[in-house]
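For reference, the structure discussed in these notes is given below.
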């Protein structure tokens, strides 16, 4: 029988696993642990903050999120300075926009036609359906009720009384507006511009004829001097004494006539 020779394995160089990777990982762990220790020391050194203004106002402790929340941007509940920059960046909600329009509503002396119409419709429907309540007769007041009643001289008149202004505004608002078109609007604009130019020309003509305020005037005329000659002087008028002429000095060598 034939003998088979074993194939010898090649001598391939192999690197031995070094402990470099293990040493690097150990160094990283040591650095991380040192950093964590330093952070804990820094936390211990930090001083505790005092009481917040919001906590003093409300009488209870609040978290940072609650203190910095924008639920009360105008500081109405807690007080303090209002940060206008944050308010400008913040977008207004629909409720805030409606509050701006209704908080400072001016008196227009106008009646709300929609509410009156709805009220009339509800009353008429209740009458037709038979749900309208009949007015019960008012019972006589007892003596005790008279003690609690307010005298008429102290009663304030209700604000629902109609005035002339309110009636005139209601009459004007009841008139429907008719759109005249673009041509009528343009004609109105042109007529107003022509009237403005006429007024400006009249003012310029008046300025040319009038004396300007910048011209200097006699300031003495502003004082009371018109009666200065009519003032009576009661003091006697004294005559001036006539003095004799003084003799001229004589010098040596002068010829006397």
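In our numbering, the protein residues as written are 79 to 335.
Virtual Cβ for every residue (Gly too), placed ideally from N, Cα, C.
Everything numeric in this text was worked out from a predicted model, so none of it was measured.
{"Check": "CB contact below 8 Å: residue 332 versus chain D", "Outcome": "Here there is only one protein chain, and chain D is not present."}
{"Check": "Alpha-carbon spacing of residue 332 relative to residue 319, whole angstroms", "Outcome": "33 Å"}
{"Check": "Nearest-angstrom Cα separation, counted from residue 166 out to residue 137", "Outcome": "30 Å"}
{"Check": "Residue 283, DSSP secondary structure in three states", "Outcome": "helix"}
{"Check": "Cβ-heavy atom distance, residue 281 to the ligand ADP, below 7 Å", "Outcome": "The ligand ADP is not part of this structure, which contains no ligands at all."}
{"Check": "Between the CA atoms of residue 100 and residue 113 - distance to the nearest angstrom", "Outcome": "20 Å"}
{"Check": "Residue 120 - DSSP class collapsed to helix/strand/coil", "Outcome": "helix"}
{"Check": "Start-to-end residues for the alpha helix (DSSP H) that takes in residue 231", "Outcome": "No alpha helix (DSSP H) holds residue 231; DSSP gives it neither H nor E."}
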